[in-house]
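Structure first, then comments.
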Amino acid sequence: MNTQSLQISNVTAKYKQNAPIISNINLEIRRSKLLALLGPNGAGKSTLIRAITGVLPLSKGSITFDNHDILSLSNRNRAQIISVVPQKSLLPDHFTVRDIVMLGRTPYLNFLKEETEHDNMIVDSLLSEINLYSIRNQTVNNLSGGEIQRVVIARALAQEPKILLLDEPTAHLDIKYQTVIIKALQDLASKNNIAVLLTMHDINQAIRSADSIAIISKGQIIATGTPHDVCTSSNLSEAYETKIHVSIDPRHKLPFISVDNQ
Amino acid sequence: MAKRSLGVAITLIILLCGILILAIAIGSVKIPPKIILELFLERLLLIENVNNSPSKFATILFDIRMPRVVLMALTGASLATAGATYQGLFRNPLADPYLVGVASGAGLGATIAINMNLIDNPLGLSTITIAAFIGGIITTSIVVLSARINNTTPVTTMLLSGIAIGSFATASTTLIMLRHPDGLQKAFNWMLGAYLGGGWTPVKIMFPYVMLGILLIYFNAYALNVFQLGEEQAHQLGINVEKLKIILISAATLMTAAAVSFGGLIGFVGLIVPHILRTIIGSDYRKLIVFCMFGGASFLVLSDLIARNIMSPQELPVGIITALSGTPFFIFLLRKLKKSVK
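Right under this line is the structure:
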């Protein structure tokens, strides 16, 4: 039984003198589980990811993993625990797929920054696992959107994280790759015992794929729990400030949302 | 890939050696190869009077040509390495010591030192380097601080403020030169990279700065690879972004200052050398930095060889040769880039 989890307690964060973007956030993400964070544009989803990784300092609250304060760790040690798939990835043109994935080994390199056999082994096995081995020597400017997203996820996994944060990993992907990526994340979470937080825009997809859901609105969590408990018409309508209907999808017996056009 | 890099490395080292030998052997005063060889043997083996050649050949060879060639090699290596570092740091292929304003700031510092006669002190000529470094660091600080938004330094604002503050520094340099007409010729010659006299002194002054800069950049070159994913991703991969930015900017500024203080304003080396090498060996900065040292040195020594001999006995400033050869090459690169985008 593994009870390790990422605990976000009373977290408030802001940019310089501005008003807080997120305030009093409380969330728990268990290992091997997927938590989907839903909310309208500008609700604070990406800001929360920045706060968890220490890019944006907290003005209040704490973030712990297995009861250890992860924000007091050095960047390098934190990068061995948390990895991030950003919403938009900058990928340098001249780098090959393998070069990019190898950058995920950065937090483990020694003083001379040379990759070891162990690093090569991890990267090669990831490349095969995520179906990138055949294109490993291609430069990234020749790849399709789906391939690029897989490269970025492979790079994040090369960090051997215990917590994986993904900012809209399925945006800009067609329906086939959305399914492929979500399935891969579910498998990876349970196989490697990773706690996964992903922000999403497609509510129905979040309901089908996540173990639990949190809804964030105007920087605050307004509901958290199982998809059944959280995805109610009142919660969603409040968060998105639009009338949202929730019915039950007869195939999966899960909530299914739809929106009036008026 | 590894084999290819080794091949390129060997080629570059042979090329540099060949260019160095040519640059020492060829000049407005013709010295027969046999005498050059004898003079070198004499020096190396400490043999005296192997030949009866006039001693002026030895003076030209060891006290005029060699220090100039070594100075050019150090200057070229510095500009190319600093250029590659700025390009990596700011994720912009156009960033070089001139575009980010550092060279102009260093130039202003050096002009102040030359025209205000600050050289007449116990530090002597190294005052120019120190003044150039101070000028470069002040410019960089103003550029970075004025470009900063929310604790980050976006590339676009950085380059815009680099161009603006660089222009300000260049204008100030011109103003100082016009206000001190007696030093005008001196400052003008220096600016075009025609700082001549001094023998080995400039080399001795420059060497430690260049070495310090190269070591700092070499040991942090891997971080430049990670920087290509963006600063936020670099942070999330465990890189101490702000600390490394300060180290790398200081090191590149130090090398630019050393280059500018004796080589003057020599453009294009920091832009073109890293570009050519990147297309051959790829973008791994751990390799690129080392290759830029050799490539930059070869390019500038060759340019200087042409500058000294093309209109012999009149010598041209080396900056003219780098600009004349660099501009068409740059346009060629841009066109190639445009085609590959299509």
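Chains as they are written, first to last, in the numbering used here: chain A, 1 to 262; chain B, 1 to 342. Ideal Cβ positions, reconstructed from N, Cα and C, are used throughout, including at glycine.
Between the segment 210 to 224 of chain B and the segment 62 to 81 of chain B, are three or more C-beta pairs nearer than 8 Å? Yes, the segment 210 to 224 of chain B touches the segment 62 to 81 of chain B.
Is there at least one Cβ from chain A nearer than 8 Å to residue 222 (chain B)'s Cβ? Output row for residue 222 (chain B): interface = yes.
Between the C-alpha atoms of residue 6 (chain A) and residue 220 (chain A), what's the straight-line distance to the nearest angstrom? Just so you know, the alpha carbons of residue 6 (chain A) and residue 220 (chain A) end up roughly 18 Å apart.
With a threshold of 6 Å on Cβ separation, who are the neighbours of residue 286 (chain B) within its own chain once the five nearest residues in sequence on each side are excluded? Taking residue 286 (chain B) as the centre and dropping the five residues before and after it, the same chain places the C-beta of 221 and 222 closer than 6 Å to its C-beta, in chain order.
Short CB-CB distance (under 8 Å) between residue 342 (chain B) and chain A: Model confidence at residue 342 (chain B) stands at a pLDDT of 46, short of 50, so the residue's coordinates are unreliable and nothing is read from them.
Ordered along the chain, which non-local residues of its own chain (more than five positions away) have a Cβ less than 7 Å from that of residue 14 (chain A)? Closer than 7 Å at the Cβ level, and outside the excluded window around residue 14 (chain A), lie 20, 21 and 59.
Report the residue ranges of all alpha helix (DSSP H) runs contained in full by the segment 30 to 92 of chain B; include only those spanning at least 4 residues, in chain order. Runs of the alpha helix (DSSP H) spanning 4 or more residues and lying entirely within the segment 30 to 92 of chain B occur at 33 to 45, 55 to 59 and 66 to 89, in chain order.
Just to confirm, are residue 222 (chain A) and residue 204 (chain A) a CB contact at a threshold of 8 Å? Using a Cβ distance threshold of 8 Å, residue 222 (chain A) and residue 204 (chain A) do not count as a contacting pair.
With DSSP collapsed to three states, give me the class of residue 19 (chain A). Residue 19 (chain A) carries a coil assignment under DSSP once its states are collapsed to helix, strand and coil.
is_contact[residue 79 (chain A), chain B] using C-beta, thresh 8 Å: Chain B, which has a Cβ nearer than 8 Å to the Cβ of residue 79 (chain A), makes this yes.
When the cut-off is 8 Å and only beta carbons count, does residue 94 (chain A) lie next to chain B? At least one beta carbon of chain B lies nearer than 8 Å to the beta carbon of residue 94 (chain A).
What three-state label does DSSP hand residue 122 (chain A) in the structure shown? Taken through DSSP and simplified to helix, strand or coil, residue 122 (chain A) comes out as helix.
Please go through the same chain and pick out, in chain order, the residues whose beta-carbon is closer than 8 Å to the beta-carbon of residue 237 (chain B), but skip the five residues on each side of it. Around residue 237 (chain B): 226 and 229.
Straight-line CA distance for residue 127 (chain B) to residue 180 (chain B)? The straight-line gap from Cα to Cα measures roughly 19 Å.
Near residue 233 (chain A), what residues of its chain come up, given a Cβ to Cβ distance below 7 Å and the 5 sequence neighbours on each side ignored? The answer, listed in chain order, is 244, 245 and 246.
Have a look at residue 1 (chain A) and residue 188 (chain A) and give me their C-alpha separation to the nearest angstrom. Residue confidence is low: residue 1 (chain A) scores 39 on pLDDT, short of 50, so the model does not pin down where it sits. Its coordinate-derived value is still stated next. Whole-angstrom Cα-Cα distance: 18 Å.
Determine, for residue 232 (chain B), whether the minimum Cβ-Cβ distance to residues of chain A falls below 8 Å. Cβ-Cβ to chain A under 8 Å: yes for residue 232 (chain B).
Residue 25 (chain A) versus A:214, A:170, A:201 and A:89, residue with shortest Cα-Cα distance: Comparing Cα-Cα distances from residue 25 (chain A) to each of A:214, A:170, A:201 and A:89, the minimum goes to A:214.
Provide the residue span of the beta strand (DSSP E) that contains residue 60 (chain A), from first to last. Per DSSP, the continuous beta strand (DSSP E) segment holding residue 60 (chain A) begins and ends at 58 to 65.
Identify which residue in A:176, A:249, A:94 and A:172 has its Cα closest to the Cα of residue 201 (chain A). Of the candidates A:176, A:249, A:94 and A:172, the one whose C-alpha sits nearest the C-alpha of residue 201 (chain A) is A:172.
What does DSSP give as the partner residues of residue 275 (chain B) in its beta bridges? Among the bridge pairs identified by DSSP, residue 275 (chain B) is matched with none.
Unbroken stretches of the beta strand (DSSP E), 3 residues or longer, contained in the segment 151 to 231 of chain A: Counting only runs of 3 or more, we get 163 to 167, 195 to 200, 212 to 217 and 220 to 225.
Nearest candidate by alpha-carbon position, reference residue 143 (chain A), set A:159, A:182, A:164 and A:98: Comparing Cα-Cα distances from residue 143 (chain A) to each of A:159, A:182, A:164 and A:98, the minimum goes to A:98.
Boundaries of the beta strand (DSSP E) in which residue 8 (chain A) is found, first to last residue: 5 to 13 is the extent of the beta strand (DSSP E) around residue 8 (chain A).
Using a Cβ cut-off of 8 Å (strictly closer), state whether residue 41 (chain A) contacts chain B. So, not an interface residue.
Closer than 8 Å is the cut-off here; do at least three beta carbon pairs connect the segment 60 to 68 of chain B with the segment 244 to 261 of chain B? Touching, no.
DSSP beta-bridge partners for residue 96 (chain A)? BP columns for residue 96 (chain A) point to A:139.
Touching by the beta-carbon criterion (3+ pairs, under 8 Å), the segment 20 to 28 of chain B and the segment 309 to 321 of chain B: Touching, yes, given that three or more Cβ pairs across the two stretches are closer than 8 Å.
Quick one: which residues of the segment 43 to 57 of chain A get their C-beta closer than 8 Å to a C-beta of chain B? List them in chain order. Flagged, chain order: 50, 53, 54 and 55.
Quick check: what's the CA-CA separation for residue 170 (chain A) versus residue 147 (chain A)? Distance between the alpha carbons of residue 170 (chain A) and residue 147 (chain A): 12 Å.
Would you tell me roughly how many angstroms separate the C-alpha atoms of residue 89 (chain B) and residue 10 (chain A), rounded to the nearest one? Those two C-alpha atoms are separated by around 36 Å.
Using DSSP with H/G/I as helix, E/B as strand and the rest coil, what is residue 48 (chain A)? In this structure, residue 48 (chain A) counts as helix in the three-state DSSP scheme.
Check whether residue 253 (chain B) and residue 75 (chain B) have beta carbons under 8 Å apart: No, they are not a contact pair.
Using 8 Å as the threshold, is the C-beta distance between residue 195 (chain A) and residue 162 (chain A) below it? Yes.
Looking at C-alpha atoms only, which residue of A:66, A:69, A:75 and A:151 is the closest neighbour of residue 103 (chain A)? Selection A:66, A:69, A:75 and A:151 evaluated against residue 103 (chain A) yields A:151 as nearest (Cα-Cα).
Same chain, Cβ closer than 6 Å to residue 93 (chain A), five either side skipped, listed in chain order: Around residue 93 (chain A): 141.
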